[in-house]
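2 protein chains.
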Amino acid sequence: MNDRKLFLPEEARQLIRGGEWSKPTSGLANGYIQANLAVLPKELAFEFLLFCQRNPKACPIIDVTEPGSAIPVLAAPGADLQTDIPRYRVYRNGVFIEEKADIADIWTEDMVGFLIGCSFTFEEALLENGIPIRHIEEGCNVPMYQTNIPTVKAGPFEGPTVVSMRPMPEKDVVRAVQVTSRFPSVHGAPVHIGNPESIGITNINNPDFGDKVTIKEGEVPVFWACGVTPQAIAMHVKPEIMITHSPGHMFITDLKNEKFSVM
Amino acid sequence: MNDRKLFLPEEARQLIRGGEWSKPTSGLANGYIQANLAVLPKELAFEFLLFCQRNPKACPIIDVTEPGSAIPVLAAPGADLQTDIPRYRVYRNGVFIEEKADIADIWTEDMVGFLIGCSFTFEEALLENGIPIRHIEEGCNVPMYQTNIPTVKAGPFEGPTVVSMRPMPEKDVVRAVQVTSRFPSVHGAPVHIGNPESIGITNINNPDFGDKVTIKEGEVPVFWACGVTPQAIAMHVKPEIMITHSPGHMFITDLKNEKFSVM
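Which chain is which? The protein sequence lines are A and B, in order.
Counting with our numbering, you get residues 36 to 298 for the letters of the first sequence.
Counting with our numbering, you get residues 36 to 298 for the letters of the second sequence.
Here is the structure:
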């Protein structure tokens, strides 16, 4: 099964489009950026893009479609956001309605698709630098928490930052900051190191999203802004319609991870 | 006259607002980011922001106001874009109409203000690294050229990149790339080094905007994407109204240059 890592993005998307791949995309087409999806009505698009622009750590924009177009021309000009994600979630007026394998039947001329960076990219870089990642070791989802770190509001979009947490030995913390600083387009440097309470997390063993992971004696929790933030915040605005990917079922772009690193 | 460098941004903006400073802002409130201004109707705002997002080297966004608001809440929450720039230019349907000292009388609820990074920031960094800047030595404007480097289109916004040029001895070129790479929010690394013809510039001594500067024997021309690009491109769309700063008369933000550097 390891050769799925070697798929090119176009091959992986073809499997997904054809219904042959409906599982999470972690490990598919290794080395290529995967992205979170948020589809919103055009009338909210300017202020949502502005929100992302003002909160680049939580909402690093990879690509945005033109109104009515489902083609991410920068990230994957041969792809179609209506069909190329294994599982979608549909929300109406802020309420979860259904999960779907494609959204061609509900896509309208009025929609704008936002692709937002995800942590898969910097996790690969952490692993390459010899920093183990607990939720991968334990085969579960990364733990995520609501914090008291405010985002910068834009129009109706406002609320707290959601963070993901990766515990690590003290000796790895500096290197983890350095490695992830090189990837500002996929969340970048941590937003917090250490004491969870100083960012409003009262019980580190009870994440708001994802799964609990083991924090070993002497390990430090390190927190990164999380791509769930814009989805959680958009939901509060109760848009008439909003479509997202289903957790872990990401959009695979044609962009190489390294393209998004800075010096 | 050197103490104007020591002004705080708020002090400098107060002089401008009171009509006591109507000259170019170069050297005012040293160490703080100065920005290009483009004001556009809300109906064009999403696609213009998308254009900037897709062309970050030419159009590095510093801040964007909410529709109708003239307050750049991130860049300078105490400022007012209607009054805090020494000279404005007003264009209607793509035609230059007038230059004004403030725009309070023509500002409407329908307008969105875009602040776009300018090269003053990275020029300060070049100077600090011992790289001389010819147009500063010669007391004129930086030379700017239309190129054959396409921008990535968004909605009606499309066209070629405008670049600025700084000649330097070969020995300084590597350092100039390193220094400006640290400032992706103010144009970042050069887009081209050397032969002007390979980017469509036929006569280096005849810039399309700004002034000609001396290129000495053995010097290499180095080209950076220029903040004139989004203005030039927006003009082609012939928006009902568009307001910009007058060249050299920039908006002074509260943001320190160093805040915009990356590691």
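C-beta atoms are modelled at their ideal positions from N, C-alpha and C, and glycine is treated no differently.
Item, Value
"Using a Cβ-Cβ distance cut-off of 9 Å, determine whether E144 (chain A) contacts chain B.", "no"
"Can a CB atom of chain B be found closer than 9 Å to the CB of F81 (chain A)?", "yes"
"Can you give me the C-alpha to C-alpha distance between P91 (chain B) and Y180 (chain A), rounded to a whole angstrom?", "31 Å"
"Looking at the C-beta of V147 (chain A), does it have a partner C-beta in chain B at a distance below 9 Å?", "yes"
"Looking at the secondary structure, which residues open and close the alpha helix (DSSP H) in which R89 (chain A) lies?", "77-89"
"If we call anything under 9 Å between Cβ atoms a contact, is R124 (chain B) one with I278 (chain B)?", "yes"
"Within 9 Å (strictly less), CB to CB, does K77 (chain A) reach chain B?", "yes"
"Report the three-state DSSP secondary structure of Q117 (chain B) (helix, strand or coil).", "coil"
"Counting only Cβ-Cβ distances shorter than 9 Å, please list the residues of the stretch 188-199 of chain A near chain B, keeping chain order.", "K188, A189, G190"
"Going by C-alpha to C-alpha distance, which of B:G66, B:G113, B:G148 sits closest to I157 (chain B)?", "Here residue 157 (chain B) is Phe; the residue named in the question, Ile, does not match the sequence. The shortest C-alpha separation from F157 (chain B) is found at B:G66."
"Helix, strand or coil for T215 (chain B) per DSSP?", "helix"
"Which term fits R48 (chain A), buried or exposed, when burial requires 16 or more other beta carbons within 10 angstroms of its beta carbon?", "buried"
"Do you know how far the Cα of A211 (chain A) is from the Cα of P256 (chain A)?", "12 Å"
"Identify the residues that DSSP records as bridge partners of Q181 (chain A): which are they?", "A:V197"
"Going along chain A in order, which residues have a C-beta closer than 7 Å to the C-beta of E159 (chain B)?", "Chain A residues near E159 (chain B): none, gap ~19 Å exceeds 7 Å."
"Would you say E101 (chain A) reaches chain B, if we count a Cβ-Cβ gap shorter than 9 Å as a contact?", "yes"
"Quick one: what's F149 (chain A) bridged to in DSSP?", "A:A73, A:V99"
"With a CB to CB cut of under 6 Å and the five nearest residues on each side skipped, what residues in its chain are close to I51 (chain B)?", "D119, P121"
"Tell me W259 (chain A)'s beta-bridge partners as DSSP assigns them.", "A:S199"
"Taking 6 Å as the limit between beta carbons, can you name the residues of its chain near I236 (chain B), skipping five residues before and five after?", "Y180"
"State the Cα-Cα distance for the pair M200 (chain B) and T249 (chain B), rounded to the nearest angstrom.", "11 Å"
"Could you check if N240 (chain B) is buried or exposed, using at least 16 other CB atoms within 10 Å of its CB as the buried criterion?", "exposed"
"Can you have a look at D246 (chain A) and say buried or exposed, based on whether 16 or more other CB atoms are within 10 angstroms of its CB?", "exposed"
"Does the stretch 158-176 of chain A come close enough to the stretch 70-83 of chain A to have 3 or more Cβ pairs within less than 8 Å?", "no"
"For the stretch 101-133 of chain A, list every residue whose C-beta sits within 9 Å of some C-beta in chain B, in sequence order.", "E101, P102, V108, L109"
"When the Cα atoms are used, what is the spatial distance from E275 (chain B) to F218 (chain A)?", "39 Å"
"Using a Cβ cut-off of 7 Å, pull out every chain A residue sitting near I166 (chain B), in sequence order please.", "Correct list: empty, because the minimum Cβ distance to chain A is about 17 Å."
"Can you name, in chain order, every residue of its own chain whose Cβ lies under 7 Å from the Cβ of P112 (chain B), other than the five neighbours on each side?", "I106"
"Count the other CB atoms, across all protein chains shown, that sit within 10 Å of the CB of M36 (chain A); report buried if there are 16 or more and exposed otherwise.", "Bear in mind that the predicted position of M36 (chain A) carries a pLDDT of just 45, short of 50, making it unreliable; the figure below should be weighed with that in mind. By the 10 Å Cβ count, M36 (chain A) comes out exposed."
"Of all the residues that make up the stretch 82-99 of chain B, which are near chain A by a beta-carbon distance shorter than 7 Å?", "L84, L85, Q88, R89, I96, V99"
"With respect to the beta strand (DSSP E) encompassing L290 (chain A), which residues constitute its N-terminal and C-terminal limits?", "286-291"
"T195 (chain B) to V177 (chain A), Cα distance in whole Å?", "The sequence shown places Pro at residue 195 (chain B), rather than the Thr named in the question. So the alpha carbons of these two residues sit roughly 43 Å apart."
"Taking the C-alpha atoms as reference points, what is the distance between E133 (chain B) and A73 (chain B)?", "15 Å"
"On a CA-only basis, which of A:A70, A:K294, A:P231 is nearest D98 (chain A)? Give me that one, please.", "A:A70"
"Label P167 (chain B) either buried or exposed according to how many other C-beta atoms from any shown protein chain fall within 10 Å of its C-beta, with 16 as the threshold for buried.", "exposed"
"Taking the Cβ atom as the reference point for each residue, do P204 (chain A) and G165 (chain A) lie within a distance shorter than 9 Å?", "no"
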